[in-house]
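The structure under discussion appears below in the form of C-alpha cells.
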Amino acid sequence: MPILRFAIFRFATMLMTLVVVSALVFFIMNLPPGDYLSNLIAELRATGQESGVAKVEFLRKEYSLDQPLWRQYLIWVGFYPGPHGFSGILQGDFGWSFEFDKPVSEIVGTALWMTVLVNVAAILFVYMVALPLGVLAAAKSKTWVDYTSAFVGYLGLATPNFLLALILFYYGHRYFNLPIGGLMAPEFEGEPMSAAKVKSVLIHLIIPTFVIGTSGAAAMMQRLRANLLDELSKPYVDTARAKGVGPVKAILKYPLRVAFNPFVADIGNLLPSLISGSVLVSVVLGLQTIGPALLTALKTQDQFLAGFILLFVAGLTLIGTMVSDVLLMLLDPRIKYGGRDR
Amino acid sequence: MTQLPDEHFVDTAPYDPEEERSKPARPDLDAPNWLLIWRKFRRHKLGLISALFLAVSYLMIPFAGFIAPYTANERNPDHIYAAPQMVRLFHEGKFIGPFVYPENAVRDLEQFRWRYPSDRENPAKLEFFCEGGTHYFLALFKTNRHLFCAPEGATVFLWGADRLGRDVFSRIFYGAQLSMTVGLIGITVSFILGISIGGIAGYFGGAIDWFVNRIIEILRSIPELPLWLALSAAVPSHWGPVAVFFIISIILGLLDWPGLARAVRSKFLSLREEEFVRAAEMMGAKPSRVIRKHLLPNFSSHLIASAMLSIPAMILGETALSFLGLGLRAPAVSWGVMLNDAQNLASIEIYPWTAIPMLPVIFVVLAFNFLGDALRDSLDPYSHD
Chain A
416 MPILRFAIFR FATMLMTLVV VSALVFFIMN LPPGDYLSNL IAELRATGQE SGVAKVEFLR
476 KEYSLDQPLW RQYLIWVGFY PGPHGFSGIL QGDFGWSFEF DKPVSEIVGT ALWMTVLVNV
536 AAILFVYMVA LPLGVLAAAK SKTWVDYTSA FVGYLGLATP NFLLALILFY YGHRYFNLPI
596 GGLMAPEFEG EPMSAAKVKS VLIHLIIPTF VIGTSGAAAM MQRLRANLLD ELSKPYVDTA
656 RAKGVGPVKA ILKYPLRVAF NPFVADIGNL LPSLISGSVL VSVVLGLQTI GPALLTALKT
716 QDQFLAGFIL LFVAGLTLIG TMVSDVLLML LDPRIKYGGR DR
Chain B
185 MTQLPDEHFV DTAPYDPEEE RSKPARPDLD APNWLLIWRK FRRHKLGLIS ALFLAVSYLM
245 IPFAGFIAPY TANERNPDHI YAAPQMVRLF HEGKFIGPFV YPENAVRDLE QFRWRYPSDR
305 ENPAKLEFFC EGGTHYFLAL FKTNRHLFCA PEGATVFLWG ADRLGRDVFS RIFYGAQLSM
365 TVGLIGITVS FILGISIGGI AGYFGGAIDW FVNRIIEILR SIPELPLWLA LSAAVPSHWG
425 PVAVFFIISI ILGLLDWPGL ARAVRSKFLS LREEEFVRAA EMMGAKPSRV IRKHLLPNFS
485 SHLIASAMLS IPAMILGETA LSFLGLGLRA PAVSWGVMLN DAQNLASIEI YPWTAIPMLP
545 VIFVVLAFNF LGDALRDSLD PYSHD
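Sequence order for the protein chains is A and B. According to the numbering used here, the residues represented by the first sequence are 416 to 757, in order. According to the numbering used here, the residues represented by the second sequence are 185 to 569, in order.
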C-alpha cells in the first residue's frame, strides 16, 4: 500500500519536525534575561518577605530550573528524568504555571478544544466561501462579479484582523443581535454538553470565524480563480463547448477537478496564518481559546505555560499540514511520494 | 526600374545602406528595458495610482512635523476625546477663509463624559506658517513652524483627540514615520537572509540544500504571530523606543525570509545549469561572483515584486504587535500604538475616531499589494499578456 507507506513516512517527518520546533520554542522562551522565578525572588526580597523565597527556591528545584539549559529542555520534553523521574510533555505533564499558580493542563484544558474548534470552523468557512466564489469569479471573469469579489478579497487582506473583529462585533450586535465576546453564553460555562450549549457556541462562532477566515478565503479564492482560468483556456474546454456541453458542466466536469489540487495542497500555507489570526482575534474578542493565555504568559515570562501553548499551536499546524498532504495523495494518484519535493 | 542592354534590371533609386539592415520583428519592443517596463506598467491603472500614493506618502514622512498642527505627544487636558472638527469656509453665509468654531468643554453629568459644543458666534480663523510646538524639520533643524494651526483659544482636531487630548491627525503623520519604515527595514533583513541562504542552497545543492530546505519547512510551518509575540516579549523592557523599533523590524524580517529563500533556491537550481553560468565558472569566477553577477540579475524583477508584496505583511505585523502591547511602546507613535487605544468596544461605539489610524493602514497595505501585482506583471516586458 503506497498510500500507507507515505502516511507513515509523513508522520515520521512530522514527529522529527515537532522535536526541532520544541527545541526552538524552548530556546525562544529562555531568550529574555531572567525568568519568572528570579523576578519573583527579587520582588519578595525587596518587600522583605523572606519566607516566600523558600517556596520559590523549592519551585526552582522542583522544576529543575537550577539545571543547565540543555538539561532543562530534555526534562521539559520528558527525555531525561527530572526530580520525580520522567515527567515531561511526553508523559502528559505540561508543567506548572507560575503566574496562575496552577498546573498548565488545568489552565489550558478546555481552551485547547476551543482552539481546535475555532480553527476547524475557520477552515470550513474558507472552503465554503472560496470554492463557489472562486469558480464564479473565474467563470464570469472581467464582469462585476469578478471585480466585486476581488475588491472584497483585497479589503479582507488589507484590514487588520483585530479591528475587523471589533467593528463586526459592534455592528453584529447592533443590527443582528449577535452576542458580544466569549465563545458561549456565560451560563453554559463549565456545564456539560447540551443542545442549548452547542447552539450558543455556534452563534458565538459566527463573527470569529468570519474574521479569521476572510483573509485566507480571499487568498484561496484568487488562487482558485487563477488556476481555473488557466484550465478554461485549454483546447479541451473549447472542444467540450463545441460538442454542446452545457456551460455549468463544461466547468465543473473536468477543469474544476484539475484546478482543485492546489486548493487542497494549499492548506499547508493557509493553516499557519489561520492559527496566527485566531490567536490575535481571540485576544481581542476574549474567546476562551489559548490566545489570551499565551499573551499573559508571554508578558509575565511564565515559561512553561507559554512554551506549551506555542508548542501546541505549532503541533496543530503540523498535524493539519500532514493530513492535507495525505489527503492530496488520496485525491491525486499522479503525485508520487518519493519525488514529492518539486 | 530600368532595363540595361544586357537584359538586367537595375533599380534607379540611389543606394541606401540603411535598407540592408534587418529590421526588428517588433519595432515597439526595440527600446531600452526600463521603457518597456514603463509602457507595460502604465497600463495598470491601479498600480499607477498606488505607486503615486506611496510616493507621496513616503515623501511626506520627513515633513510630518511641519504638516501636523500639533506635536506627537502634546496633550490638551481640556479636550479629552474631543470629536473631529470641521474646517469651514463660510460663516453665516459669508466667506471668511478657512476657520473652525472653538469648542469648550462642558460636563455631561448624565453620561459622565465631556461634551464639546462648538461656539458658533466666534469663528477662529486658521493661521498658516504659524508657531507651535517644536519639532525637527527634515529631522535636522529644530523649528516651531507648522503648516497650519489654530489661533489662541481654539483647537484644530481634524480627526478628533484621544484619551489624553492628543491630536489624532497629527499623530497619524508621526505614526507614519515608524509604521511605514518598519516594513522597509524588515524587508532588508529578510532580503539579505533570503537571498544569501536561498542562493547558497540553490547554487551548491546537496547536503547544504537538504539542510536549508528542512529549516525553511520548519519555519514556514510555525504560525508567525505567536512566534513574533514570543520574540518581541523577549525584548527587554528598559530599552529605548529607537532600539525597540529596530529590534521589532528585525524580528519581522527574521521570520519572513523562508518564503523568499525558497523562491531564490528553486530559481537557482534551474539557472545554474545554463551555459552562461558554466562559462563564468570556467573562466574562474568564484561562487560569490557567479551568484551576484550572473544569477541574481536574472530575476531581480521577481525579487522586487515579491518585496512589494511582503512589506504589507510586515506593516500589518507591526500593527498587530503594537496593538497587543508587545511591539512599539509609548512614547513611540505608530499606527498600532494608536490603535491600542481603540482596543475595546466602548471606544468603537463612543469615540469611533480613535480607530481612524486603521484607514492609513488599509490604504498603504492595499497600495503595496496593487503595486506589487502591477510590477510583477510588467517587470518581465517580453512576456505575453
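Glycine is no exception: its CB is placed at the ideal position from the N, C-alpha and C atoms.
message = Just to confirm before moving on: does the CB-CB distance between Arg446 (chain B) and Gly349 (chain B) stay below 8 Å?
response = The sequence position of residue 446 (chain B) within the second sequence is 262, counting from 1. The sequence position of residue 349 (chain B) within the second sequence is 165, counting from 1. Not closer than 8 Å, so no.
request  = Please say whether Ile251 (chain B) and Phe341 (chain B) have beta carbons closer to each other than 8 Å?
outcome  = Numbered from 1 along the second sequence, position 157 holds the residue referred to as residue 341 (chain B). Numbered from 1 along the second sequence, position 67 holds the residue referred to as residue 251 (chain B). In this structure, Ile251 (chain B) does not lie closer than 8 Å to Phe341 (chain B) by Cβ.
query = Thinking just about the alpha-carbon of each residue, which of B:Trp519, B:Arg329 and B:Arg272 is nearest to the one in Phe247 (chain B)?
reply = Position 63 of the second sequence, counted from the start, is the residue given in the question as residue 247 (chain B). Nearest C-alpha to Phe247 (chain B): B:Arg329.
query = Helix, strand or coil: how does DSSP classify Asp569 (chain B) here?
reply = Indexing the second sequence from 1 puts residue 569 (chain B) at position 385. In this prediction, Asp569 (chain B) scores a pLDDT of 44, lower than 50, which makes its location untrustworthy; no coordinate-derived value is stated.
query = Between Asn454 (chain A) and the rest of its own chain, which residues show a CB-CB distance below 6 Å, the 5 nearest in sequence each way excluded?
reply = Here residue 454 (chain A) corresponds to residue number 39 of the first sequence, with the count starting at 1. Here the set comprises nothing.
query = Buried or exposed: where does Leu555 (chain B) fall if 16 or more other Cβ atoms within 10 Å of its Cβ makes it buried?
reply = One-based indexing of the second sequence puts residue 555 (chain B) at position 371. Result: buried.
ask   = If you check the beta carbons only, do Val741 (chain A) and Ala526 (chain A) fall under 8 Å apart?
value = As a position in the first sequence, residue 741 (chain A) is number 326, starting the count at 1. As a position in the first sequence, residue 526 (chain A) is number 111, starting the count at 1. No.
query = Under the three-state reduction of DSSP, which class applies to Thr574 (chain A): helix, strand or coil?
reply = One-based indexing of the first sequence puts residue 574 (chain A) at position 159. In the structure shown, Thr574 (chain A) sits in coil (DSSP, three-state: anything other than H, G, I, E or B).
task = For Ile622 (chain A), name the three-state secondary structure that DSSP assigns.
result = As a working mapping, residue 622 (chain A) is identified with position 207 in the first sequence. Helix.
message = I'd like to know whether the C-beta atoms of Leu523 (chain B) and Ala539 (chain B) end up nearer to each other than 8 Å.
response = Translated into positions along the second sequence, residue 523 (chain B) becomes position 339. Translated into positions along the second sequence, residue 539 (chain B) becomes position 355. Yes.
key: Ser437 (chain A) at chain B interface by Cβ criterion, 8 Å   = Translated into the one-based positions of the first sequence, residue 437 (chain A) becomes position 22. Among the CB atoms of chain B, none fall inside 8 Å of the CB of Ser437 (chain A).
query = Would you say Ala461 (chain A) faces chain B, with C-beta separation under 8 Å as the test?
reply = As a working mapping, residue 461 (chain A) is identified with position 46 in the first sequence. No, Ala461 (chain A) does not count as interfacial toward chain B.
key: Identity of the residue in B:Ser433, B:Ile402 and B:Ser405 nearest Leu415 (chain B) by Cα   = Here the question's residue 415 (chain B) lines up with position 231 in the second sequence. In this structure, B:Ser433 is the residue among B:Ser433, B:Ile402 and B:Ser405 with its C-alpha nearest to the C-alpha of Leu415 (chain B).
ask   = Shorter than 8 Å from the beta carbon of Asn592 (chain A) to some beta carbon of chain B?
value = Taking the first sequence and counting its residues from 1, the one referred to as residue 592 (chain A) is at position 177. No, its Cβ sits nowhere closer than 8 Å to a Cβ of chain B.
task = Compare the beta carbon distance of Leu455 (chain B) and Val694 (chain A) with 8 Å and say whether it is the shorter of the two.
result = Start at 1 with the first residue of the second sequence, and residue 455 (chain B) comes out as number 271. Start at 1 with the first residue of the first sequence, and residue 694 (chain A) comes out as number 279. Contact flag unset, no.
message = Against chain A, with Cβ distances strictly below 8 Å, would Glu458 (chain B) count as a contact?
response = Sequence index remark: in the second sequence, residue 458 (chain B) carries index 274 (1-based). Output row for Glu458 (chain B): interface = no.
inquiry  = If we define contact as Cβ-Cβ less than 8 Å, is Met542 (chain B) a contact residue for chain A?
reply    = Residue 542 (chain B) sits at position 358 when you count from the first residue of the second sequence. For Met542 (chain B), the answer is yes, since a Cβ of chain A falls inside 8 Å of its Cβ.
message = Starting from Trp491 (chain A), trace the beta strand (DSSP E) in both directions and tell me its first and last residue.
response = Taking the first residue of the first sequence as position 1, residue 491 (chain A) is located at position 76. Unbroken run through Trp491 (chain A) is the alpha helix (DSSP H), Leu484 to Val492; no beta strand (DSSP E).
query = If you measure from the beta carbon of Tyr478 (chain A) to each beta carbon in chain B, is any gap under 8 Å?
reply = The residue given as residue 478 (chain A) occupies position 63 in the first sequence. With 8 Å as the cut-off, Tyr478 (chain A) does not count as an interface residue toward chain B.
ask   = Rounded to the nearest angstrom, how far is the Cβ of Leu436 (chain B) from that of Gly370 (chain B), given a contact under 8 Å?
value = Within the second sequence, numbered from 1, the residue matching residue 436 (chain B) stands at position 252. Within the second sequence, numbered from 1, the residue matching residue 370 (chain B) stands at position 186. So it is a contact: roughly 4 Å between Cβ atoms.
ask   = Is Ala239 (chain B) buried or exposed, if buried means 16 or more other CB atoms sit within 10 Å of its CB?
value = Start at 1 with the first residue of the second sequence, and residue 239 (chain B) comes out as number 55. Result: exposed.
query = What separation, rounded to the nearest whole angstrom, lies between the Cα atoms of Gly463 (chain A) and Leu474 (chain A)?
reply = Residue numbering aside, residue 463 (chain A) sits at position 48 when the first sequence is read from its first letter. Residue numbering aside, residue 474 (chain A) sits at position 59 when the first sequence is read from its first letter. Approximately 19 Å between the Cα atoms of the pair.
ask   = What are the boundary residues of the alpha helix (DSSP H) that Arg398 (chain B) is part of?
value = Here residue 398 (chain B) is taken as the residue at index 214 of the second sequence, counted from 1. Its alpha helix (DSSP H) spans residues Gly390 to Ser405.
query = Are the region 563-577 of chain A and the region 617-633 of chain A touching, with three or more C-beta to C-beta distances below 8 Å?
reply = yes
Spatially closest choice to Ala385 (chain B) from B:Arg398, B:His486 and B:Ser374, by CA coordinates = Counting from one through the second sequence, the residue named residue 385 (chain B) turns up at place 201. Nearest C-alpha to Ala385 (chain B): B:Arg398.
message = Quick check on the DSSP output: the beta strand (DSSP E) that includes Phe283 (chain B) runs from which residue to which?
response = Reading the second sequence from its first residue, position 99 is the one you call residue 283 (chain B). Counting along the chain, the beta strand (DSSP E) containing Phe283 (chain B) begins and ends at Lys278 to Val284.
ask   = What is the C-beta distance between Val517 (chain B) and Leu362 (chain B), in whole angstroms, given that I count them as a contact (C-beta under 8 Å)?
value = Along the second sequence, one-based indexing puts residue 517 (chain B) at 333. Along the second sequence, one-based indexing puts residue 362 (chain B) at 178. Sure, about 7 Å apart at Cβ, within 8 Å.
ask   = List, in order along the chain, the chain A residues whose C-beta lies closer than 8 Å to that of Trp408 (chain B)?
value = The count along the second sequence starts at 1 and reaches residue 408 (chain B) at position 224. Before going further, note that residue 408 (chain B) is Glu rather than Trp in the sequence given. The contacting residues are Pro687, Ser688 and Ser691.
query = Between the region 668-676 of chain A and the region 633-652 of chain A, do three or more beta carbon pairs fall short of 8 Å?
reply = yes
query = What residue does the alpha helix (DSSP H) around Glu315 (chain B) start on, and which one ends it?
reply = In the second sequence, counting from the first residue as 1, residue 315 (chain B) sits at position 131. Note, Glu315 (chain B): premise wrong, no alpha helix (DSSP H); beta strand (DSSP E) at Glu311 to Phe321.
task = My understanding is that Ala708 (chain A) touches Leu720 (chain A), with C-beta atoms under 8 Å, so please give their C-beta distance in whole angstroms.
result = In the first sequence, the residue the question calls residue 708 (chain A) occupies position 293. In the first sequence, the residue the question calls residue 720 (chain A) occupies position 305. Yes, they are in contact, since the Cβ atoms of Ala708 (chain A) and Leu720 (chain A) sit about 7 Å apart, within 8 Å.
message = Output needed for Tyr387 (chain B): all residues of its chain with C-beta closer than 8 Å, excluding positions within five of it in sequence on either side, in chain order.
response = Working through the second sequence from its first residue, we reach residue 387 (chain B) at position 203. The beta carbon of Tyr387 (chain B) is closer than 8 Å to those of Phe452, Arg456, Pro471, Val474, Ile475 and Leu479 in its chain, skipping five residues each way along the sequence.
message = So, with DSSP's three-state summary, where would you put Arg456 (chain B)?
response = Looking up residue 456 (chain B) in the second sequence gives position 272. Note: Arg456 (chain B) maps to coil in three-state DSSP.
request  = Could you tell me whether any Cβ in chain A is nearer than 8 Å to the Cβ of Val521 (chain B)?
outcome  = If you number the second sequence from 1, residue 521 (chain B) lands on position 337. With 8 Å as the cut-off, Val521 (chain B) does not count as an interface residue toward chain A.
message = Does chain A have any CB closer than 8 Å to the CB of Gly370 (chain B)?
response = To locate residue 370 (chain B), count along the second sequence from 1; it is residue 186. For Gly370 (chain B), the answer is no, since every Cβ of chain A falls outside 8 Å of its Cβ.
Extent of the continuous alpha helix (DSSP H) run through Phe547 (chain B) = Within the second sequence, numbered from 1, the residue matching residue 547 (chain B) stands at position 363. Residue range Met542 to Ser562 is occupied by the alpha helix (DSSP H) that includes Phe547 (chain B).
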